[in-house]
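Residue numbers (this note's numbering): 216 to 509.
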């Protein structure tokens, strides 16, 4: 058993009395207050050119596209959203989205309020600046959304609890599919500082970042910061930064920026090096990836 398990799991086995039972107890290493209020859920096979324009809402709304293609616009950025992708609308943001004329969308959606969930999405790299994602767990995401819709239609109190539970599982699936390690939340100073480092990376990923600069932001020596970062996230700081940059690049490639502009916007001064890194991430060059979206 590794050190983590020794800290979080207590195993007691009584062998002398054959009638006794093994007693296994677990302590949650990352207790999270994530109360969610589900407000709306459903699905829509849109008509060609269906458009929702100039919309502002006061809750979070997730759309997951199961077929078709369309466009989503937020903060002046226009994204192409195809089957298998999701787009997130955050509270108090002006958005516009439109289904393709030639290949209209079929999507599921869920709308909810939860400050803790908004924060978790941000830590996964899903934010106002990165509102379109292509998660790998597409079938599970679709399945959770169908379950949310089914339970939401039943207006009983139990059904509402089930809809809340499946919405939490949906958000967890995005984190799992994006291979994002969410830092542990506890009173430990190290955990808090690593969470601070992650927030800093999510807002400065477009700048040149070194281990030294990152360590300086939280007041640690680089080697100590690297050990703590791996302890709380399971990955190295520069690997985590690479993941943030690549997810942001995927999002931007849904729009109409040039490859050079996408490279610069994600912290790469050399477009050729950016293209090599992106191919390492996706198995496709940025141009090939973009062409698959149209």
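Every residue, glycine too, gets a C-beta built ideally from N, C-alpha and C. Given the structure is predicted, the values throughout are model-derived calculations rather than measurements.
- Task: Would you check if the stretch 316–331 and the stretch 267–278 touch, i.e. whether three or more CB-CB distances between them fall below 8 Å?
- Result: A contact exists between the stretch 267–278 and the stretch 316–331.
- Item | Residue ranges of each beta strand (DSSP E) within the stretch 255–323, 3 or longer | Listed in chain order, they are 266–270, 275–282, 284–289, 292–297, 301–304, 310–314.
- Message: Threshold first: 4 residues or longer. Then list the alpha helix (DSSP H) segments lying entirely within the stretch 393–473, N to C.
- Response: List check, alpha helix (DSSP H) in window: 404–419, 426–433, 437–448, 452–468.
- Query: From residue 239 to residue 447, what does the alpha carbon distance come to, in whole angstroms?
  - Reply: Legend: pLDDT at residue 239 = 49, less than 50; position of this residue unreliable, value from coordinates given subsequently. Looking at the backbone, the Cα of residue 239 and that of residue 447 are separated by about 25 Å.
- Task: Take residue 353 and list the residues in its own chain whose beta-carbon comes closer than 6 Å to its own, dropping the five residues that flank it on each side.
- Result: So the qualifying residues of the chain are 299.
- How long is the line joining the alpha carbons of residue 492 and residue 486, rounded to whole angstroms? In a straight line, the C-alpha of residue 492 is about 10 Å away from that of residue 486.
- Message: Under 8 Å: do the stretch 354–368 and the stretch 330–341 share three or more Cβ pairs, one atom per stretch?
- Response: Of all C-beta pairs linking the stretch 354–368 to the stretch 330–341, fewer than three are shorter than 8 Å, placing the two stretches out of contact.
- Test item: CB-CB of residue 208 and residue 453 under 9 Å: As shown, the chain starts at 216 and ends at 509. That puts residue 208 outside it, with no answer to give.
- Query: Given a threshold of 16 other Cβ atoms within 10 Å of its Cβ, counted over all protein chains shown, does residue 371 qualify as buried or as exposed?
  - Reply: Residue 371 should be labelled exposed.
- Assigned secondary structure, residue 250 (DSSP; H/G/I helix, E/B strand, else coil): In this structure, residue 250 counts as coil in the three-state DSSP scheme.
- As assigned by DSSP and simplified to three states, the class of residue 342: Correct three-state label for residue 342: strand.
- Is the Cβ-Cβ distance between residue 463 and residue 481 less than 9 Å? For residue 463 and residue 481, yes; Cβs fall inside 9 Å.
- Query: When the Cα atoms are used, what is the spatial distance from residue 405 to residue 268?
  - Reply: Spanning the two alpha carbons is a distance of roughly 44 Å.
- Message: Suppose contacts are defined by Cβ-Cβ distances below 9 Å. Is residue 350 in contact with residue 393 by that definition?
- Response: Yes, they are a contact pair.
- Query: If we count the other Cβ atoms within 10 Å of its Cβ and call it buried at 16 or more, is residue 261 buried or exposed?
  - Reply: Buried, since its Cβ has 16 or more Cβ neighbours within 10 Å.
- Task: Mark residue 282 as exposed unless 16 or more other C-beta atoms lie within 10 angstroms of its C-beta, in which case mark it buried.
- Result: Answer is exposed; the Cβ neighbour count stays below 16.
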